[in-house]
Amino acid sequence: MADYKPPPLPSPFSFTQPAPTLLTQGAEAHLYKTVSLDPSIPAALKIRPSKPYRHPILDRKLTRQRIVQEARCLVKLIREGVKVPALLALDWEGQGGDSGWGGAWLLMEWIEGPVVRVVLEQWEAWMKQNSSSLDEAQRAREEDRVRDLLNRMGAAGAEMWTPMGLLWRGEIVIIDLGLASQSTQDEDRAVDLYVLERAIGSTHPRSEALFDALLQGYRESYKGATSTLKRLEDVRMRGRKRSMLG
């Protein structure tokens, strides 16, 4: 990131002390650590830069649409009791095109904690290194711990990928809703679950048990889980057919 020069910060944060720190950059957004109202109150600032290759009018429209959708998802999930960062402020009006940084930004509560994906990877590495020295009861306890973690992930929102969750005070907090939608269609939810299942399977050797624990939390927390999981079986079957056909 040393050679990368991010676009100028939006005016409310241009003179913030301490200056916002760029944490990560993606294709759609930049994430900064900054402060809110007082230097002692940390906050997360997510900026959606403009896309110079897009027409300015289209750029402003798409940027506004996406930042507002993410804000609405945050508010909706908070009302439903899902652990997500509190929405502190937002601005969807930007310059667009070549003339500015895009303008759309979200200011959110700062959540300090390890990423769920990293926790699972560290657990896998620890189990691989120490499994031979553990007796059956100890191995069972360790596996119960991680199954409980995935169960809570399912209760928090199973469609959210593990890279989007933080472990905070024993709770799963979903931190990135940039790709989230408010679709209630079983097909959409089932496809999200299938993609998550494949993602877990590609990174975790004990994926079947972990995903089952996640689905259990999903069943217990979401009243429409039965129909969604039935549709998941159809999605899996289509996925297997595609694999067979190459």
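The opening position of the sequence shown corresponds to residue 3 in this note's numbering, with each subsequent residue numbered one higher.
Glycine is no exception: its CB is placed at the ideal position from the N, C-alpha and C atoms.
Nothing here was measured: the structure is a model prediction, and the numbers come from that model.
Collapsed DSSP secondary structure at residue i in the structure displayed
i      : result
Trp107 : strand
Ser38  : strand
Gly156 : Any reading at Gly156 must be qualified, since the residue scores a pLDDT of 49, below 50, and its modelled position is unreliable; the value itself is stated next. If DSSP states are grouped into helix, strand and coil, Gly156 belongs with the helices.
Leu234 : helix
Thr18  : coil
Gln71  : helix
Asp214 : helix
Arg242 : helix
Gln124 : helix
Lys78  : helix
Leu90  : strand
Pro10  : coil
Ala45  : strand
Gln187 : coil
CB of residue i within 8 Å of CB of residue j, strictly
i      : j      : result
Trp107 : Leu47  : yes
Ala73  : Leu90  : no
Pro14  : Lys35  : no
Glu30  : Arg50  : yes
His32  : Leu39  : no
Gln67  : Pro41  : no
Arg233 : Glu199 : no
Own chain partners of residue i with C-beta closer than 6 Å, once the 5 adjacent residues on each side are dropped
i      : result
Val70  : Trp94
Ala227 : Tyr220 and Arg221
Pro12  : Trp107
Asn132 : none
Asp137 : none
Thr26  : Leu33
Arg56  : none
Leu92  : Ala73 and Leu108
Residue closest to residue i, alpha-carbon to alpha-carbon, out of the options
i      : options                        : result
Gly28  : Arg191, Phe15, Ser52 and Gln67 : Ser52
Val193 : Gly241, Pro9 and Lys63         : Gly241
Asp214 : Ala127, Gln67 and Leu195       : Leu195
Pro9   : Pro54, Leu92 and Pro44         : Pro54
Gly197 : Arg238, Val37 and Lys225       : Correcting the residue type first, residue 197 is Val in the shown sequence and not Gly. Of the candidates Arg238, Val37 and Lys225, the one whose C-alpha sits nearest the C-alpha of Val197 is Arg238.
Cutoff 8 Å; reference residue i; Cβ partners in own chain excluding five residues on either side
i      : result
Pro87  : Ala46, Leu76, Met110, Glu111, Trp112, Ile113, Val175 and Ile177
Asp236 : Ala192
Ile80  : Val86, Ala88 and Leu89
Closer than 7 Å: residue i CB and nearest the ligand PLP heavy atom
i      : result
Gln124 : The model depicted lacks the ligand PLP and carries no ligand whatsoever.
Cβ-based neighbour list, residue i, same chain, cut-off 7 Å, excluding 5 preceding and 5 following
i      : result
Ser229 : Asp188
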